[in-house]
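Enquirer:
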Amino acid sequence: MEQKKTITVTLESKEIKFDVMNKSHLTGQARNAEGKDYRATAYMQASEDDEHAYQILRAISNAFSHLKVELGEYLHEDGSTSNNRINKTVEDGGKLQLVFLLPSNFNNSACDSLGGMLHEYIVDRTLSEWFVITSPNDAQNYSNLATDALDRAKQALYKRERPTRPTYND
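Here the sequence shown is numbered in our numbering, starting from 198 and rising by one per residue.
1) Quick test of your reading: residue 323 and residue 253, contact by CB under 8 Å. State the CB separation rounded to the nearest angstrom.
2) Please list the segments of the beta strand (DSSP E) lying wholly inside the segment 287-321, counting only runs of 3 or more residues, in order along the chain.
3) Quick check: the Cα distance between residue 287 and residue 314, rounded to an integer number of angstroms?
4) Starting from the Cα of residue 293, find the closest Cα among 360, 214, 342 and give me that residue.
5) For residue 204, which beta-bridge partners are listed by DSSP?
6) Can the beta-carbon of residue 273 be found less than 7 Å from the beta-carbon of residue 242?
7) Is the segment 333-344 touching the segment 355-365, taking contact as three or more C-beta pairs under 8 Å?
8) Which of the three DSSP states, helix, strand or coil, is assigned to residue 357?
9) Give me, in chain order, the residues of the same chain whose beta-carbon lies closer than 6 Å to that of residue 290; leave out the 5 immediate sequence neighbours on both sides.
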């Protein structure tokens, strides 16, 4: 009888949004310190203002959707419809959830790594989209970081436990 493990990863969209804004701020400060024009470095720093928030929320929604495609082999999802709106959970600052149905020998020690790498992927992919607009020279760096985070998430998803040899009492 097949026994799947259910693993639920919960990602706080507020944490993702803050991480995006914080990293864009730090990247802007670093470019300013390198002598880049002060106006350019100011524009690359994301804020919660409407003109910035929409683009950030859209990019987070896109990254989350992309994760579902990339990890679809084990993803358990009930939805059968789609639209082009920003993900309501992202817009409301709620909790994003991914439920995976994994083989019974999935190594639970990989759960923390899986959650962390999914967070990193969404943040880095969002920053890549943001910097395509505001700082094209930085966009590829974050795209590469997102690719690396996705690869590490897949590594965690494919971790398996070693089988246990049966014991006998006779």
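Note that the Cβ used here is the ideal one computed from N, Cα and C, for glycine as well.
Expert: This is what the structure gives:
1) Sequence index remark: in the sequence shown, residue 323 carries index 126 (1-based). Sequence index remark: in the sequence shown, residue 253 carries index 56 (1-based). 6 Å between Cβ atoms; contact.
2) Correct list: 292-299.
3) For the purposes of this step, residue 287 is taken as residue 90 along the sequence shown, with counting starting at 1. For the purposes of this step, residue 314 is taken as residue 117 along the sequence shown, with counting starting at 1. Each residue's Cα considered, the two are about 18 Å apart.
4) On the sequence shown, residue 293 is found 96 positions in, with the first residue counted as 1. That would be 214, whose Cα lies nearest to the Cα of residue 293.
5) Along the sequence shown, one-based indexing puts residue 204 at 7. The secondary-structure analysis by DSSP pairs residue 204 across a beta bridge with 297.
6) Working through the sequence shown from its first residue, we reach residue 273 at position 76. Working through the sequence shown from its first residue, we reach residue 242 at position 45. If you check the CB distance, residue 273 and residue 242 do not come in under 7 Å.
7) no
8) Working through the sequence shown from its first residue, we reach residue 357 at position 160. For residue 357, the secondary structure class from DSSP, reduced to helix, strand or coil, is strand.
9) As a working note, residue 290 is residue 93 in the sequence shown. Correct list, in chain order: 210, 211.
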